[in-house]
Amino acid sequence: MEMLDGYLNAVRRHLPWLRQDDIIAELRANLEAQLEDKEAELGRKLSDAEMEAWLKQLGSPLQVAARYRPQQYLIGPGLFPIYWFVLRLAMGWCAVIYAIVSTVEIVGNGLGPGALAGAVAHLPWVLFINAAIVTLVFAIVERSHAKIPEKFAQGAAMGNDWPHAAVSPFDAQRDGRKKPKSYAQAVAEVIFGWILIVWLLLVPHYPYLLMGPGVVILTATPYQLAPVWWTFYWCVVALSSLWLAWQIVDLLRERWQERHPTRRLVRQGLDLIPPLVLLAAPGRVLVVPKNPADTAHAAALAQVNQWMYRGFEVVAVIVLLQLAWMAGRMAMEAYRRRLAAAR
Amino acid sequence: MTVAENLFENLRLELRRGCLTLAVLAQLKQEHYGYTLRKALAARGMEIDENTLYPLLRRLETQGLLTSEWREEDKRNKRFYRLSSEGEVMFDRLLKEWNDMNTAITNLL
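Chains as they are written, first to last, in this note's numbering: chain A, 2 to 344; chain B, 117 to 225.
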C-alpha cells in the first residue's frame with residue numbers, strides 16, 4: 002500500500018489543482034479494488050517486485066495525470082490549418098517589412114556593414130517574437146472556442162463559405178498568370194515595345210514627351226541633369242531593346258507561350274543596372290548648375306543631390322529585394338519539384 | 117515496432133476512440149464505478165485500460181452525459197456513474213450513427 006500511496010501522491014502533483022482530491026480519491030478506490038482482485042486471484046499479497054511491476058504497467062504518474070487535463074493541445078486540429086496559414090503569412094510580411102525598415106535606416110543614416118550584419122543577426126529574434134505573438138493569439142482563440150463555442154459559431158460558418166472567403170483576388174490573379182500568353186497578346190507586347198523605344202529615343206529631342214507642360218522648368222531653373230544621366234538613359238534604351246529583341250525572337254520561333262523563369266530572373270538582375278549607374282555618379286552628384294561658376298544656390302543643390310541619391314539607393318534596394326524574392330521562390334520551386342520527382 | 121505496425125496501431129486507436137465512448141455509454145445504462153465498469157466491458161470483449169477509461173468518465177460527466185455520486189460500498193467510498201437523461205438521448209443518436217456506418221461498411225465489403 003505504501004507504494005500505491007507514493008504513486009498516487011506522484012500523480013496528484015501533476016493534476017489540475019482544484020480537482021486533485023476528487024480525482025485521487027476515485028483513482029485510489031478503483032486501483033485498490035483492482036489490487037484486491039489481483040490478490041484474491043493469487044491468494045496472497047503482491048510482493049514488492051510485483052507491486053512495482055503493476056504500477057509501472059499503469060503508466061508514469063505524469064502520463065496518468067495528463068489524461069485528466071481538459072485540453073492537451075495549444076492549437077487544435079480544427080484551427081491548426083488557419084494558424085499555419087496566418088503564421089506563414091505573418092512571418093513573410095514581417096521579414097519583408099523588417100528588411101525594408103532596416104535598409105532605409107542603414108542607408109538613410111549612412112551606416113556601415115556592421116549595422117547590416119547586426120540587422121541580419123537580429124532578424125531571427127524578430128521572427129521568433131512575431132511567431133510567438135501569432136501563436137499566443139491562436140492559443141487564446143482555441144481556449145475561448147473550447148469554453149464558449151457558441152460565440153465562435155459565426156466565425157466557423159464564415160470559414161465554410163470557402164469559395165468567397167478562401168479564394169482571394171491574389172489567388173485569382175495567380176491562376177490567371179498560369180494561363181498561356183495568347184498570340185494577340187504577344188504581338189501587342191512587341192508593338193508596345195517598339196513604341197516605347199521610339200518614345201525613349203525621341204525624349205532627349207522633345208522633352209515635352211516626358212514632362213508635358215512641365216518642360217518649362219528645364220529652361221526656367223539654373224540647374225540641369227548631370228552627365229551621368231546620359232549613361233543611365235542609354236542603359237534604359239539598351240535594356241528595353243534587349244527585352245524587345247527577346248520578345249521578337251520568341252514570336253518568330255513561335256515560342257511566345259513558353260514561360261522563362263530564368264530569363265525573368267536575369268531581367269530582374271539587369272534592371273538593377275540603371276539605378277546602380279546613378280549610384281556610381283562621381284561625387285554623388287545627379288544635378289549640376291547650368292553655369293559652373295554659379296555658386297549662389299550651392300547649399301540647396303547639395304540638399305537636392307543628397308535626397309535624389311538616397312531615393313535611388315532605396316530604388317536599388319527594392320529592386321535587389323525583388324530579385325532575392327524571385328530567386329528564393331525559384332529555388333523553392335526547384336526544390337519542391339525535385340522532392341516530388343524523387344517520390 | 118516497424119513503421120507498418122506503428123501505422124496500424126495509430127489507425128486502430130483512431131478507429132477505437134469513438135467506439136469506446138459508445139461502449140461506455142451503453143454499459144452505463146446500469147450504474148457502475150470505474151473498476152467494475154472496466155471489468156464489465158472487458159467481459160463483453162471491450163478491453164479499455166485504466167488511463168483511458170477513468171478520465172473518459174470524467175469527461176463524459178463534464179459534458180453532461182453521465183451523472184455520478186459518491187457512495188460507500190464494501191467499506192470503501194466509490195464514485196458511481198450512470199447515464200443522464202441527456203446522455204440517453206445522445207446515446208440513441210450515436211447508436212443510430214454507428215449502425216448506419218456499420219451498414220455502410222458492410223455494404224462496401
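No residue lacks a Cβ here, since even glycine has one placed at the ideal position from N, Cα and C.
Is residue 257 (chain A) helix, strand or coil when you go by DSSP?
-> coil
Thinking C-alpha only, which one of B:140, B:192, B:177 is nearest residue 26 (chain A)?
-> B:192
Can you give the beta carbon distance from residue 305 (chain A) to residue 288 (chain A), rounded, assuming they're within the 8 Å contact cut?
-> 6 Å
What does residue 174 (chain B) reach in chain A if we use C-beta pairs closer than 7 Å?
-> 69
With 16 other Cβ atoms within 10 Å as the buried cut-off, status of residue 145 (chain B) | exposed
Is the region 240–252 of chain A close to the region 203–211 of chain A, with three or more CB pairs under 8 Å?
-> no
Would you please verify whether the beta carbon of residue 348 (chain A) is less than 9 Å from any beta carbon of chain B?
-> A question about residue 348 (chain A) goes unanswered here, because the residues of chain A that appear run from 2 up to 344.
Span separating the alpha-carbon of residue 331 (chain A) from that of residue 341 (chain A) = 15 Å
Neighbourhood of residue 163 (chain A) by C-beta, 8 Å cutoff - its chain only, sequence neighbours within 5 removed = Note on residue 163 (chain A): pLDDT 49, under 50, position unreliable in the model; the coordinate value appears next. The answer is none, since no qualifying residue turns up.
Do you know how far the Cα of residue 282 (chain A) is from the Cα of residue 275 (chain A)?
-> 11 Å
Flag this pair as yes or no: are the beta carbons of residue 5 (chain A) and residue 56 (chain A) separated by less than 9 Å?
-> yes
Note down the Cα distance separating residue 35 (chain A) from residue 154 (chain B), rounded to an integer number of angstroms.
-> 10 Å
Applying the criterion that 16 or more other CB atoms from any shown protein chain within 10 Å of the CB defines a buried residue, is residue 173 (chain A) buried or exposed?
-> Residue placement at residue 173 (chain A) is poorly supported in this model, since its pLDDT is 49, which falls under 50; the coordinates still yield a value, given next. Looking at its Cβ environment, which holds fewer than 16 other Cβ atoms inside 10 Å, residue 173 (chain A) is exposed.
Taking the Cβ atom as the reference point for each residue, do residue 311 (chain A) and residue 108 (chain A) lie within a distance shorter than 9 Å?
-> yes
Let me know the beta strand (DSSP E) ranges lying completely inside the region 193–280 of chain A, each 3 residues or longer, listed in chain order.
-> 224–226
Please list the residues of the region 45–64 of chain A that have a C-beta atom closer than 8 Å to any C-beta atom in chain B, keeping them in chain order.
-> 59, 60, 64
Terminal residues of the continuous beta strand (DSSP E) containing residue 182 (chain B)?
-> 182–189
Run down chain B in chain order and give the residues with a C-beta less than 7 Å from the C-beta of residue 35 (chain A).
-> 151
Of all the CB atoms in chain A, is at least one closer than 9 Å to the CB of residue 126 (chain B)?
-> no
Contact under 9 Å by Cβ, residue 242 (chain A) with residue 198 (chain A) | yes
Note the first and the last residue of the continuous alpha helix (DSSP H) segment covering residue 82 (chain A).
-> 81–109
Thinking C-beta only, is residue 302 (chain A) closer than 9 Å to residue 290 (chain A)?
-> yes
Compute the beta-carbon to beta-carbon distance between residue 197 (chain B) and residue 147 (chain B), rounded to the nearest angstrom, for a pair I have assumed lies under 8 Å.
-> 7 Å
Between residue 202 (chain B) and chain A, is there a C-beta pair that is closer than 9 Å?
-> no
Where are the beta strand (DSSP E) runs, 3 residues long or more, that stay fully inside the region 50–80 of chain A, in chain order?
-> none
So what does residue 205 (chain B) bridge to, in DSSP terms?
-> Beta-bridge pairing links residue 205 (chain B) to no other residue.
Quick one: Cα of residue 159 (chain B) to Cα of residue 143 (chain B), how far?
-> 11 Å
Return no unless some Cβ of chain B is closer than 9 Å to the Cβ of residue 177 (chain A).
-> Confidence at residue 177 (chain A) is low in this model, with a pLDDT of 46, below 50, so its placement is unreliable and no value can be given for it.
When the cut-off is 9 Å and only beta carbons count, does residue 154 (chain B) lie next to chain A?
-> yes
For residue 184 (chain A), does the count of other Cβ atoms within 10 angstroms reach 16, so buried, or fall short, so exposed?
-> exposed
Proximal chain A residues relative to residue 195 (chain B), where beta-carbon distance stays under 9 Å | 23, 26, 27, 30, 31
Output yes if chain B places a C-beta closer than 9 Å to the C-beta of residue 38 (chain A); else output no.
-> yes
If the cut is a Cβ gap below 9 Å, which residues of chain A does residue 130 (chain B) touch?
-> The contacting residues do not exist; residue 130 (chain B) stays about 12 Å from chain A at best.
Straight-line Cα distance separating residue 151 (chain B) from residue 157 (chain B) | 10 Å
Closest Cα partner of residue 161 (chain B) within the set B:176, B:186, B:135 | B:135
With DSSP as the reference, please indicate the residues paired to residue 194 (chain B) in a beta bridge.
-> B:187
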